[in-house]
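Each residue of the sequence shown is one higher than the one before, counting from 6 in this note's numbering.
We put the CB at the ideal spot given by N, CA and C, even for glycine.
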Amino acid sequence: MKTTILYEDSDMLVCHKPAGIAVQTASIGQQDVVSELKNYLAGKGDKNPYVGVVHRLDQPVEGVLVFGKNQKATASLSVQIQDGKANKIYRALVYGKFDENSKEGVLENILLKDAKSNSSRVVEAGNSQAKLGKKAKLTYKVLREIVVGEEICSEVEIKLFTGRHHQIRVQMSNIGHPILGDTKYGNEASVQLYSALGRKGLKLCAYCLSLVHPQNGKPQVFTLSKLPWE
């Protein structure tokens with residue numbers, strides 16, 4: 006099993022999803038996290054394993070995911086995610102150096118998804134297509150700068166308030182700081198810098214998730230012990 010179990014009890018299961026595997030897919034023969042977890046539970050003797058999807062990560066993104074192990078827990082966890090009561094913190098390596106007055110900030114945009122190209126883009130509020138889009142919000146903070154030859158990349162911490170399609174990737178690219186390794190939303194300079202690093206994969210990780218336990222109401226925090234680029 007590629008997925009790593011971080012925590013498990015009778016109501017929920019928290020795991021570390023690796024990059025390159027989908028949370029759930031309809032493709033026959035393609036493994037996904039849900040299938041792996043069901044097989045894992047079946048191997049422990051569960052005759053009818055239940056794995057309720059609460060939230061998702063893009064296939065190239067790795068990080069912390071929580072699943073419900075029964076319908077009641079799944080519903081409770083889903084409400085927390087939808088109402089923004091669960092804190093989702095990401096780390097990313099992005100292209101470029103931020104100005105001194107923009108090392109932390111709030112990004113609020115309207116994102117429009119194009120199903121045909123499986124991509125999203127920012128549309129201005131006055132655009133006629135804005136009514137078809139969805140509001141997206143995140144905050145970011147630069148943690149450090151990394152010099153690579155004559156170029157600079159920045160490690161940022163991102164708090165997600167909404168869960169839109171490719172949200173972090175689109176919004177960071179929109180301000181001129183695409184995530185390294187992002188072939189869909191990156192620019193030529195970011196691709197060259199990424200090649201200079203000699204690394205593979207999208208440099209975006211859901212590294213911390215905090216929520217309230219669906220049964221006992223106690224706060225729970227789950228954090229990865231190591232970032233993929235460390």
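The continuous beta strand (DSSP E) containing TYR12 extends over residues 9-13. Each residue's CA atom was taken as its position, placing VAL128 and TYR95 some 24 Å apart. Around the C-beta of GLN176, 16 or more other C-beta atoms lie within 10 Å, and the residue is accordingly described as buried.
In its chain, beyond the 5 residues on either side, ALA27 have a beta carbon closer than 6 Å to the beta carbon of GLN64.
With contacts defined as CB atoms closer than 8 Å, LEU165 and LEU185 fail to qualify as a contacting pair.
Listed in chain order, the non-local C-beta contacts of ILE157 below 6 Å within the same chain comprise LYS102, GLU150, local neighbours out to five positions each way being set aside. In the structure shown, GLN36 adopts coil according to DSSP, grouped into three states.
Put simply, the backbone Cα of HIS21 is about 14 Å away from that of SER40.
For PHE166, DSSP records no beta bridge to any residue. When the five nearest sequence neighbours on each side are left out, the beta carbons in the same chain lying within less than 6 Å of the beta carbon of LEU148 are those of GLU160, GLU162, in order along the chain. Nearest neighbour of LYS139 by Cα position, chosen from VAL69, GLY50, HIS170, VAL153, turns out to be HIS170. Using a C-beta cut-off of 8 Å, the stretch 81-94 makes contact with the stretch 211-218, since at least three inter-stretch Cβ pairs fall below that distance. Rounded to the nearest whole angstrom, the C-alpha separation of ARG61 and ASP104 is 32 Å. Boundaries cannot be given for LEU137, as no beta strand (DSSP E) includes it and DSSP labels it neither H nor E. Within the DSSP bridge table, the entry for ASN114 names ALA141 as partners. Here DSSP, grouped into helix, strand and coil, assigns ARG174 to helix. Within 10 angstroms of the beta-carbon of SER107 lie fewer than 16 other beta-carbons, which makes it exposed. The three-state reading of DSSP puts SER195 in helix, counting H, G and I together.
SER15 and ASP119 have their C-alpha atoms some 39 Å from each other. In the DSSP assignment, ILE86 falls within the unbroken alpha helix (DSSP H) covering 76-87.
Here TYR100 is near HIS182, since their CB atoms are less than 8 Å apart. Between LYS208 and the set LEU11, GLY50, GLY68, the nearest pair of CA atoms involves GLY68.
ASN123 and LYS189 have their C-alpha atoms spaced approximately 10 Å apart.
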